[in-house]
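Participant: Below is one structure. I have some questions about it.
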DNA sequence: TAGCTATATAACCATATGGATATATGCTAC
DNA sequence: GTAGCATATATCCATATGGTTATATAGCTA
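Chains as they are written, first to last, in this note's numbering: chain C, 430 to 539; chain H, 430 to 539.
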């Protein structure tokens with residue numbers, strides 16, 4: 430799991446890659462579409478995509494001539510789970526909210 | 430803000446640095462205390478601490494002979510906020526929960 | 001002041017990263 | 001099967017990163 434976090438955080442450390450994820454939040458996109466906003470060569474984008482894919486943040490599809498990418502949410506959830514352990518340090522209402530939710534019927538507060 | 434995220438994610442990409450944050454979650458600690466669990470030289474730890482500090486994840490204090498470090502929660506909140514934008518992709522109950530909380534009196538759901 | 005403790009900085013090294021250009025591969029269309 | 005499009009891979013380069021050892025700095029203690 431530590432290795433996963435290494436790869437995920439490392440992938441997220443680059444603004445181009447975060448922007449690519451942002452684009453993929455709107456749905457799948459081809460490499461050309463993902464490359465469009467940037468003044469980078471196509472191989473540079475392919476490299477970024479490889480980093481994202483190896484971190485498990487995206488997945489490659491197969492569609493006729495192209496290989497569209499889609500978001501892979503699990504890796505992002507890994508980040509959310511990691512950072513949630515620190516939530517009490519900044520969110521003073523966390524404990525109160527947590528208590529509250531645990532009393533609400535039908536809500537699974539794990 | 431993008432620069433901040435670069436530095437923060439980059440700092441978090443190293444397991445030694447994440448372990449240091451984990452230790453600091455238990456309260457402030459000196460450099461020697463932070464170095465203790467690792468088979469790394471003292472300068473290596475100092476370097477890691479510098480990276481964490483420049484990312485805003487920790488802060489240095491002054492105490493007699495030593496310079497204890499403490500957690501700086503704001504940077505971690507920055508991560509939480511960033512990743513929260515993607516929450517809908519993995520958490521199917523997010524929308525429902527969000528709706529629910531917005532109706533609850535006295536709870537600020539920002 | 002001298003020595004000890006805690007930490008920082010300097011210099012160096014090997015490997016990783018992010019970019020480029022050139023070329024290869026795999027489909028599609030003719 | 002040849003051409004063209006979309007994407008991947010190879011090679012190369014400059015800079016960044018993470019480690020080391022050696023040394024400097026700052027505060028405490030005798």
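We put the CB at the ideal spot given by N, CA and C, even for glycine.
Indicate whether at least one CB of chain C lies closer than 7 angstroms to the CB of residue 439 of chain H.
Facilitator: Closer than 7 angstroms: yes.
Participant: Determine, using beta carbons only, whether residue 438 of chain C and residue 453 of chain H come nearer to each other than 7 angstroms.
Facilitator: Against a cut-off of 7 angstroms, the Cβ pair of residue 453 of chain H and residue 438 of chain C comes out as no contact.
Participant: Given this structure, state the Cα-to-Cα distance separating residue 487 of chain C from residue 498 of chain H, to the nearest angstrom.
Facilitator: So the two alpha carbons sit approximately 36 angstroms from each other.
Participant: Does DSSP classify residue 462 of chain H as helix, strand or coil?
Facilitator: Of the three classes helix, strand and coil, the one that applies to residue 462 of chain H here is helix, per DSSP.
Participant: Any residues in the stretch 460-484 of chain C with a beta carbon nearer than 8 angstroms to a beta carbon of chain H? Which ones, in chain order?
Facilitator: From the stretch 460-484 of chain C, no residue has a Cβ closer than 8 angstroms to chain H.
Participant: Classify residue 501 of chain H: buried if its beta carbon has 16 or more other beta carbons within 10 angstroms, exposed otherwise.
Facilitator: Classification for residue 501 of chain H: buried.
Participant: Which same chain residues, not among the five before or five after residue 466 of chain H, have their C-beta less than 8 angstroms away from its C-beta?
Facilitator: The residues are 448, 452.
Participant: Just the C-alpha distance for residue 482 of chain C and residue 493 of chain H, rounded to the nearest angstrom, thanks.
Facilitator: Each residue's Cα considered, the two are about 48 angstroms apart.
Participant: With DSSP as the reference, please indicate the residues paired to residue 499 of chain H in a beta bridge.
Facilitator: Answer by DSSP bridge pairing, in chain order: H:488.
Participant: Go ahead and pull the three-state DSSP assignment for residue 442 of chain H.
Facilitator: Reduced to three states, the DSSP call for residue 442 of chain H is coil.
Participant: Using alpha carbons as the reference points, say which of C:504, C:462, C:430, C:455 lies closest to residue 496 of chain C.
Facilitator: Comparing Cα positions, the closest option is C:462.
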